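Chains as they are written, first to last, in my numbering: chain R, 1 to 106; chain P, 1001 to 1339.
We treat Cβ as the ideally placed atom computed from N, Cα and C, and that holds for glycine.
It should be emphasised that the depicted structure is a prediction, and the values quoted were computed from it without experimental measurement.
One structure is given below, encoded as structure tokens.
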Amino acid sequence: MTKITYITHDSKTHEIDVQNGLTVMEGAVQNDIPGIDADCGGGMACATCHVYVKEEWLDKLPKKEDGEEDMLDMAFEPKKNSRLSCQLIVSDDLEGLTVNIPSKQA
Amino acid sequence: MNKTDALIIGAGPTGLFTAHQLKLIGLDCEIVDNLDKIGGQCIELYPDKPIYDIPAVPECTGEELTNNLINQLKPFDIKFHLSERVDEVKKDSDKWIVKTSKGKTFSTPNVIIAGGVGSFEPRKFAPKECEKFENKSLFYSVKDKKIFEGKAVTIFGGGDSALDWAVELSKNSKVNLVHRRDEFRGAQATVDQVKELEKSGKINVFTKFQLNKVNGSNEIESIDIKHDNNEIKNIETDYLLGFFGLIMQLGPIANWGLNIDKKTIQVDTEKFETNQKGIYAIGDICSYPGKLKLILSGFHEGALAARACFKLARPNEKYRFEFTTTSSNLLKRLGKKSD
């Protein structure tokens, strides 16, 4: 289990213990954290699991695969610290990761 | 008014196979889909991605699956209404009256919603004021390129649509191209073409910028774009075009009086009927205890919903279960000779 903090757009903080091996997206969906739609179910095909990661985490996370940046072009208000949460696999290395959920996904 | 035994909303795999099942048991049906092509998510989101869990098909891509389903429908005459969204479903005695975004109406005892995650709609600009300019001087697709002649047009996006239109419109308009990062994901040849046109001063390219604000009361006068480093630039423009791909939205389905929870429609597992008699939901859009969002589940749900449709479309006939291997009735409908 790894602690992931989700901050929803209304500034509510949700600290969740997510099972290693799941994605940050799945951790949110399985725990009913609002604001992550994940319409395509984790196929990197829709950009509706878009999150902003805390700046200090940007370099610690696994690099974006081909295609993630392309999908982020279509996300709602993408920023430099945007990631698709379906591409972030939870492991001990992510202990304490904090992600902000955008005001909307579409 | 079009009359049909069943109207299917959604031309994805579930909708297509359900059409097959309806025709096989002797009902007619028509299909409406908001995309301009058949295949739903399979064709729009992952045409080239292999799928490994279709029974008896070890591996196929979204496009192959779609083509096979279309081939399976060849014996039947099915009317597709593409690029049309179902906007309204209303009860009229024992029929449903269905209206589309293009003004077509259908009268049918059965409406089958095979809508996936909803209809595909263009992703829109973020600033709120964009809405009031929409379809006047701000567009998400080009219907008549003549209106841009001699005007300043600012195009947002980094894919093929944005690049193709930047090249095309630069012939007769002043074109700005704005994209959120340095790289473009469009075809390399078009990217090169844009760079040439930038050099010769035909296109102004702004990268690492996004739309921040639209200025103007009735018409767009200028826009503010914001760089990654927070620098703001003001650009004079007459028109805005946004090409950010498509997003799935539940849309008008939410207004039809159905039990909806978390963007899915609750159904029973006998007929896959909703809380409204004669309206069914199948595939990814339906939910019931144990629901799996697999294509194969959609096929099963469609087969059962089709049998339920029979009762309402042919109230005076009795439905008889038959196999395609042995029934001369079914073989006839399939255009095959029986032994």
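Whose CA, out of the options, lies closest to the CA of residue i?
{"i": "L1258 (chain P)", "options": "P:K1074, P:G1015, P:I1112 and P:E1131", "result": "P:I1112"}
{"i": "A1189 (chain P)", "options": "P:K1099, P:L1163, P:S1170 and P:F1209", "result": "P:L1163"}
{"i": "T1100 (chain P)", "options": "P:D1033, P:D1144 and P:K1079", "result": "P:D1033"}
{"i": "R1320 (chain P)", "options": "P:P1075, P:G1026 and P:K1049", "result": "P:G1026"}
{"i": "Q1276 (chain P)", "options": "P:I1282, P:V1267 and P:G1283", "result": "P:V1267"}
{"i": "A38 (chain R)", "options": "R:T13, R:E95 and R:Q87", "result": "R:Q87"}
{"i": "D1238 (chain P)", "options": "P:R1185, P:Y1280 and P:F1139", "result": "P:F1139"}
{"i": "R1181 (chain P)", "options": "P:A1187, P:G1159 and P:Y1288", "result": "P:G1159"}
{"i": "K1263 (chain P)", "options": "P:L1334, P:L1250, P:I1097 and P:A1308", "result": "P:L1250"}
{"i": "E15 (chain R)", "options": "R:K54, R:G27 and R:K104", "result": "R:G27"}
{"i": "V1178 (chain P)", "options": "P:S1200, P:K1104, P:L1240 and P:K1332", "result": "P:L1240"}
{"i": "G35 (chain R)", "options": "R:K60, R:E65 and R:F76", "result": "R:F76"}
{"i": "L1024 (chain P)", "options": "P:Q1072, P:D1036 and P:D1048", "result": "P:Q1072"}
{"i": "L1169 (chain P)", "options": "P:L1294, P:V1194 and P:I1232", "result": "P:V1194"}
{"i": "F1125 (chain P)", "options": "P:E1134, P:T1108 and P:R1185", "result": "P:E1134"}
{"i": "T2 (chain R)", "options": "R:T98, R:V90, R:A106 and R:Q105", "result": "R:V90"}
Looking only at its own chain, which residues have a Cβ that is under 6 Å from the Cβ of residue i, when we skip the five neighbours before and after it?
{"i": "N100 (chain R)", "result": "I7 and Y52"}
{"i": "S1173 (chain P)", "result": "F1148, K1151 and V1153"}
{"i": "E1088 (chain P)", "result": "K1099"}
{"i": "L72 (chain R)", "result": "P78 and S82"}
{"i": "E1198 (chain P)", "result": "V1205"}
{"i": "N1215 (chain P)", "result": "E1221 and S1222"}
{"i": "T1324 (chain P)", "result": "L1330"}
{"i": "A1281 (chain P)", "result": "I1113, I1265, V1267 and T1274"}
{"i": "P1050 (chain P)", "result": "E1059 and T1061"}
{"i": "W1256 (chain P)", "result": "V1089"}
{"i": "E1301 (chain P)", "result": "F1272 and I1282"}
When DSSP labels each residue in this structure, what does residue i get in the three-state scheme?
{"i": "Q105 (chain R)", "result": "coil"}
{"i": "L1296 (chain P)", "result": "helix"}
{"i": "V1167 (chain P)", "result": "helix"}
{"i": "A1306 (chain P)", "result": "helix"}
{"i": "R1180 (chain P)", "result": "coil"}
{"i": "N1230 (chain P)", "result": "coil"}
{"i": "D1144 (chain P)", "result": "coil"}
{"i": "F1156 (chain P)", "result": "strand"}
{"i": "T1014 (chain P)", "result": "helix"}
{"i": "L22 (chain R)", "result": "strand"}
{"i": "I1282 (chain P)", "result": "coil"}
{"i": "E1322 (chain P)", "result": "coil"}
{"i": "D17 (chain R)", "result": "strand"}
{"i": "A75 (chain R)", "result": "coil"}
{"i": "E1301 (chain P)", "result": "helix"}
{"i": "R1333 (chain P)", "result": "helix"}
{"i": "S1287 (chain P)", "result": "strand"}
{"i": "K1132 (chain P)", "result": "helix"}
{"i": "K1003 (chain P)", "result": "strand"}
{"i": "K1174 (chain P)", "result": "strand"}
{"i": "K3 (chain R)", "result": "strand"}
{"i": "S82 (chain R)", "result": "strand"}
{"i": "L97 (chain R)", "result": "strand"}
{"i": "L88 (chain R)", "result": "coil"}
Ignore the nearest five residues each way along the sequence and tell me which others in residue i's own chain have a CB closer than 7 Å to its CB.
{"i": "G1115 (chain P)", "result": "I1009, G1010, I1253 and I1285"}
{"i": "E1219 (chain P)", "result": "S1137"}
{"i": "K1271 (chain P)", "result": "Y1280, L1304, A1305 and A1308"}
{"i": "H9 (chain R)", "result": "G35, I101, P102 and S103"}
{"i": "A1187 (chain P)", "result": "D1160"}
Can you pull the chain P neighbours of residue i, defined as C-beta to C-beta under 9 Å?
{"i": "E69 (chain R)", "result": "R1181, E1183 and R1185"}
{"i": "A28 (chain R)", "result": "Chain P residues near A28 (chain R): none, gap ~13 Å exceeds 9 Å."}
Residues of chain R with CB closer than 9 Å to the CB of residue i, please, in chain order.
{"i": "K970 (chain P)", "result": "Absent from the structure is residue 970 (chain P), since the part of chain P shown begins at 1001 and ends at 1339."}
{"i": "Q1249 (chain P)", "result": "A106"}
{"i": "R1123 (chain P)", "result": "A47, M74, A75, F76 and A106"}
{"i": "D1228 (chain P)", "result": "K79 and K80"}
Give the interface partners of residue i over in chain R, defined as CB-CB distance under 7 Å, in chain order.
{"i": "L1138 (chain P)", "result": "None at all; the shortest Cβ gap to chain R is about 17 Å."}
{"i": "A1126 (chain P)", "result": "F76 and E77"}
{"i": "V1117 (chain P)", "result": "D39"}
Step through the CB atoms of chain A and report whether any lies within less than 7 Å of the CB of residue i.
{"i": "K80 (chain R)", "result": "Protein chains in the displayed structure are R and P, and chain A is not among them."}
Residue i touches chain P at which residues, Cβ-Cβ below 8 Å?
{"i": "D73 (chain R)", "result": "G1157, G1158, G1159, H1179, R1180, R1181, R1185, F1244 and G1245"}
Residues of chain R with CB under 8 Å from residue i, in chain order?
{"i": "L1045 (chain P)", "result": "C40, G43, A45 and C46"}
Using a Cβ-Cβ cut-off of 8 Å (strictly less than) and excluding sequence neighbours within five positions of residue i, which residues of its own chain qualify?
{"i": "K1213 (chain P)", "result": "P1127, E1129, I1223 and D1224"}
{"i": "S1297 (chain P)", "result": "G1283 and K1291"}
For the stretch 1191–1226 of chain P, list the alpha helix (DSSP H) runs that are entirely contained and at least 4 residues long, ordered along the chain.
The stretch 1191–1226 of chain P contains no whole alpha helix (DSSP H) run of 4 or more residues.
Every unbroken beta strand (DSSP E) within the stretch 1238–1276 of chain P, with a cutoff of 3 residues, ordered by chain:
The stretch 1238–1276 of chain P contains these whole beta strand (DSSP E) runs: 1239–1242, 1246–1249 and 1264–1266.
Unbroken alpha helix (DSSP H) runs of length 4 or more, entirely within the stretch 25–72 of chain R: which are they?
Taking only runs of at least 4 residues, the alpha helix (DSSP H) segments lying wholly in the stretch 25–72 of chain R are 68–72.
Beta strand (DSSP E) runs contained entirely in the stretch 1081–1124 of chain P, provided each spans 3 or more residues:
As summarised for the stretch 1081–1124 of chain P, the continuous beta strand (DSSP E) elements at least 3 residues long and confined to that stretch are 1086–1092, 1095–1100, 1105–1108, 1110–1113 and 1119–1122, given in chain order.
Identify every run of the beta strand (DSSP E) within the stretch 1018–1079 of chain P, keeping only runs that are complete inside it and at least 3 residues long; order them along the chain.
You should have 1029–1032.
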